[in-house]
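Structure first, commentary second.
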Amino acid sequence: VESTTAHDYDSDAVTAYALRDIAAGEQLQNTYSECMDVDCEYGEIKYTYVTQQILQDYGFVELYPRRWTLGPDENEVTAEIDELDDGTKQFQWIFRTPDSDGLEWIATQLERLQDMEPKLRADVEKHRIRGTSSAS
Numbered sequence: 364v365e366s367t368t369a370h371d372y373d374s375d376a377v378t379a380y381a382l383r384d385i386a387a388g389e390q391l392q393n394t395y396s397e398c399m400d401v402d403c404e405y406g407e408i409k410y411t412y413v414t415q416q417i418l419q420d421y422g423f424v425e426l427y428p429r430r431w432t433l434g435p436d437e438n439e440v441t442a443e444i445d446e447l448d449d450g451t452k453q454f455q456w457i458f459r460t461p462d463s464d465g466l467e468w469i470a471t472q473l474e475r476l477q478d479m480e481p482k483l484r485a486d487v488e489k490h491r492i493r494g495t496s497s498a499s
């Protein structure tokens with residue numbers, strides 16, 4: 364599905380174009396990085412407006428592909444994870460691979476996130492249990 368821009372403030376309408384029939388109730392998705400209209404600079408921003416920026420700006424993570432800017436500023440690289448038709452995930456570096464300093468930075472961040480994971484999962488579970496008991 365491709366649509367007209369949602370940022371045309373002179374119009375109350377967004378027009379969507381589909382390449383196939385869409386079943387009643389089928390989910391449609393608008394993308395903030397893969398679109399081909401003026402909002403996405405006709406596809407030019409897909410490697411620069413990445414997943415962490417969309418999460419920061421809109422509070423959610425889009426479907427695949429997901430692109431991440433990684434590394435210290437001077438050694439920043441872009442990585443992409445895409446979901447293939449069979450459901451497997453494919454990883455690739457976009458444009459260039461990180462140097463040893465960049466890989467060290469990425470490894471440090473991964474370790475930091477892995478250290479945080481058990482506590483975060485436990486906190487989420489506590490909130491889930493608390494939310495379930497208050498809904499009864």
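In our numbering, the protein residues as written are 364 to 499.
Even for Gly, the Cβ is constructed at its ideal location relative to N, Cα and C.
Taken through DSSP and simplified to helix, strand or coil, residue 390 comes out as coil. One thing to note: residue 419 has its Cβ no nearer than 8 angstroms to the Cβ of residue 432.
DSSP places residue 379 within a strand segment (E or B) once states are collapsed to three. For residue 433, the enclosing beta strand (DSSP E) begins and ends at 429-433.
Membership of residue 441 in any alpha helix (DSSP H) is not indicated; the residue belongs instead to the beta strand (DSSP E) covering 440-446.
Between residue 421 and residue 405, the C-beta gap is not smaller than 8 angstroms, which leaves the two residues out of contact. In the displayed model, residue 385 falls within coil according to three-state DSSP, outside both helix and strand.
Contact between the region 451-462 and the region 427-443 is present, with at least three C-beta pairs closer than 8 angstroms. In the same chain as residue 407, and ignoring 5 residues on each side of it, no C-beta atom comes closer than 7 angstroms to its own. With respect to residue 426, residue 392 sits close: the two C-beta atoms are nearer than 8 angstroms. The C-beta distance from residue 464 to residue 435 rounds to 7 angstroms, short enough to fall under 8 angstroms. Annotation: residue 408 is outside any beta strand (DSSP E) and is labelled neither H nor E by DSSP.
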